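Structure first, commentary second.
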Ligand SMILES: [Zn+2]
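Numbering (the numbering used here), first residue to last: 2 to 204.
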């Protein structure tokens, strides 16, 4: 008779499978985390579960810029001490914090939610471009700074937007090169980003 192979109970195996969906969690880490969850003495796992559902429920994109907030508008958009005439366009909401940390920019942001990428079937209509045009009409910026990645798709997206915005009476600039081509904004170091923002060039 064939011996049945011993495995963890199925709920535990399901938990491991779920954890493996998390970024950076491989099979071994997933198993370690799952075993920690079932063996933890305190209620830390429950606290984590609660934090996950509360964050999922409470955090959504800012209506204006797309950054994370629990309110209608994020802290940046509702900060009246910031320069209202400067707008910085980024690909992702996660690009905003690295730029904020440099302290080189005190205007507002607009996250597109991605970039035009035919290979991934992402077209202009999938991005927050209409929102950008609406804001340009309403908020009367004097300068729009493009801070998209310096790779082919980032460039194509910047060019597309420049075409849409070039006759609207607003100065269009881009952050300086120095960012490694293909690198995401969020992986650039503070100094590089600060120099890129300070040395922006006209489009
Ligand atoms: Zn906002």
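For each residue, glycine too, the CB sits at the ideal point set by N, CA and C.
Every value quoted in this text rests on a predicted model; they were computed, and no experiment measured them.
Residue i: CB within 7 Å of a non-hydrogen atom of ligand 1
i: residue 161; result: no
i: residue 145; result: no
i: residue 75; result: yes
i: residue 66; result: yes
i: residue 89; result: no
C-beta atoms of residue i and residue j nearer than 8 Å
i: residue 91; j: residue 3; result: no
i: residue 147; j: residue 175; result: yes
i: residue 162; j: residue 100; result: no
i: residue 20; j: residue 12; result: no
i: residue 118; j: residue 129; result: no
i: residue 171; j: residue 137; result: yes
Residue i: first and last residue of the uninterrupted alpha helix (DSSP H) it sits in
i: residue 86; result: Neither: residue 86 is in no alpha helix (DSSP H) and is coded neither H nor E.
i: residue 144; result: First-last for residue 144: 144 to 147, but that is the beta strand (DSSP E), not the alpha helix (DSSP H).
i: residue 110; result: Note, residue 110: premise wrong, no alpha helix (DSSP H); beta strand (DSSP E) at 109 to 112.
i: residue 54; result: 45 to 59
i: residue 192; result: 191 to 199
i: residue 38; result: 28 to 40
i: residue 19; result: 11 to 20
i: residue 164; result: 153 to 166
Rounded separation between residue i and residue j - CA only
i: residue 66; j: residue 96; result: 12 Å
i: residue 10; j: residue 38; result: 14 Å
i: residue 202; j: residue 177; result: 6 Å
i: residue 58; j: residue 48; result: 15 Å
i: residue 192; j: residue 199; result: 10 Å
i: residue 167; j: residue 157; result: 15 Å
i: residue 139; j: residue 80; result: 18 Å
i: residue 5; j: residue 14; result: 16 Å
Cβ separation of residue i and residue j, assumed to be a contact under 8 Å, to the nearest whole Å
i: residue 69; j: residue 75; result: 7 Å
i: residue 134; j: residue 88; result: Wrong, their Cβ atoms sit about 12 Å apart, outside the cutoff.
Terminal residues of the beta strand (DSSP E) in which residue i lies
i: residue 172; result: 172 to 175
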